[in-house]
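Have a look at this one:
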């Protein structure tokens with residue numbers, strides 16, 4: 006007896022599942038997710054399930070298609086931060102898919118005799134929504150346990166040395182590492198580092214420091230000096246900070262070095278806790294420093 010597969014149900018359910026799994030992948034790997042990229046990747050993941058209806062491929066081609074599809078979906082969902090981070094996200098996304106498939110298969114065998122269709126390493130379970138919700142809850146529990154077992158790396162014990170090159174001047178600062186910091190310049194798309202005006206005023210170019218000071222005083226500077234305002238979401242909420250771009254960044258933590266050709270530097274008024282660091286770097290670079 007053949008199972009009737011409804012295309013709209015197949016695509017709709019897998020779109021929601023992919024959305025949840027990509028969110029989980031981002032949480033596990035401390036990776037930022039933008040709504041547009043997340044939705045696009047979820048749609049791509051849903052469309053990839055159509056291989057279930059395609060002619061049966063050879064086993065090597067099935068494996069290549071499945072793994073390649075996972076890498077492509079992750080590449081669309083998350084900004085590119087190097088091959089190591091792409092591989093890590095792809096493996097977690099693939100692993101979460103396997104865990105969910107295993108949980109659904111177990112639930113289907115225990116609670117109902119659902120029909121199962123497989124083709125090209127794609128699996129279709131003809132199960133009730135209650136069993137699917139139960140399976141998702143089980144995976145959520147597994148993820149919570151994984152967060153406890155694999156916490157974000159603690160980087161506060163070893164300082165991060167930051168070197169910013171701007172206008173033929175090198176700005177050397179001790180930066181605090183924050184795995185929860187995900188800030189991107191909405192105009193240029195560059196990654197953003199935060200620098201305290203209070204802690205780095207002596208090293209910043211005089212024109213930059215004066216312009217930032219005027220911004221914080223609520224005044225409109227007569228000369229922008231290459232600076233502009235950008236919107237940032239911080240732990241304290243949404244705020245607008247003066248910033249400048251076209252900086253070369255070098256980070257060093259122990260023997261590990263991370264570099265970026267162009268970044269945006271956002272200026273804040275106060276230093277960063279703990280330790281009153283004059284700068285802060287986020288999760289976009291931390292994978293290269295551990």
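Numbering (my numbering), first residue to last: 6 to 295. Where a beta carbon is used, it is the ideal one built from N, C-alpha and C, also for glycine. Please read these numbers as outputs of a predicted model, since none were measured by experiment.
Rounding to the nearest angstrom, what Cα-Cα distance links residue 248 and residue 37 in this structure? 21 Å
Residue 29 - DSSP class collapsed to helix/strand/coil: Three-state DSSP puts residue 29 in a helix.
C-alpha distance - residue 13 paired with residue 41, whole-angstrom precision: 22 Å
Whether residue 21 touches residue 127 by CB criterion (7 Å): no
In the DSSP output, what is residue 271 paired with across the bridge? The partner list for residue 271 (beta bridge, DSSP) reads 199 and 248.
Consult DSSP for residue 209 and reduce its assignment to one of helix, strand or coil. coil
Would you be able to state if there are at least three C-beta pairs under 8 Å between the region 50-67 and the region 169-180? no
is_contact[residue 60, chain C] using C-beta, thresh 7 Å: The structure shown contains no chain C; it holds only a single protein chain.
Look at the Cβ atom of residue 93, then the Cβ atom of residue 83, and state whether they are nearer than 7 Å. no
Can you tell which of 273, 190 and 79 has the C-alpha that lies nearest to the C-alpha of residue 219? 273
So, for residue 30: in the same chain, excluding its five sequence neighbours on each side, which residues have a beta-carbon less than 6 Å away from its beta-carbon? Correct list, in chain order: 94, 97 and 98.
Identify the residues that DSSP records as bridge partners of residue 258: which are they? 261
Kindly indicate which three-state DSSP category residue 229 falls into: helix, strand or coil? coil
Best match in 81, 88, 140 and 91 for proximity to residue 110 [C-alpha to C-alpha]: 140
Please report the distance separating the alpha-carbon of residue 146 from that of residue 47. Cα-Cα distance, rounded: 22 Å.
Reduced DSSP category for residue 176 - H, G, I as helix; E, B as strand; rest coil: strand
Let's see if you can read the secondary structure: which residues bound the beta strand (DSSP E) around residue 69? No beta strand (DSSP E) holds residue 69; the alpha helix (DSSP H) holding it covers 64-82.
Taking the DSSP output, what are the residues bridged to residue 14? Per DSSP, residue 14 has no beta-bridge partner at all.
DSSP three-state assignment for residue 284, whether helix, strand or coil: strand
Residue burial classification, residue 154 (beta-carbon count within 10 angstroms, cutoff 16): With fewer than 16 Cβ atoms within 10 Å of its Cβ, residue 154 is classed as exposed.
Just to confirm, are residue 203 and residue 252 a CB contact at a threshold of 7 Å? no
Please look up how many angstroms separate the CB atoms of residue 78 and residue 49, rounded, as I've assumed it's under 8 Å. Rounded to the nearest angstrom, the Cβ distance from residue 78 to residue 49 is 5 Å, consistent with a contact under 8 Å.
Looking only at its own chain, which residues have a Cβ that is under 7 Å from the Cβ of residue 244, when we skip the five neighbours before and after it? Leaving aside the five residues that flank residue 244 on each side, the residues in its chain whose CB is nearer than 7 Å to its CB run, in chain order, 237.
What is the C-beta distance between residue 195 and residue 267, in whole angstroms, given that I count them as a contact (C-beta under 8 Å)? 6 Å
Please determine, among 285, 269, 45 and 16, the residue with the shortest C-alpha to C-alpha distance to residue 171. 269
What span of residues does the alpha helix (DSSP H) with residue 44 cover, start to end? 40-53
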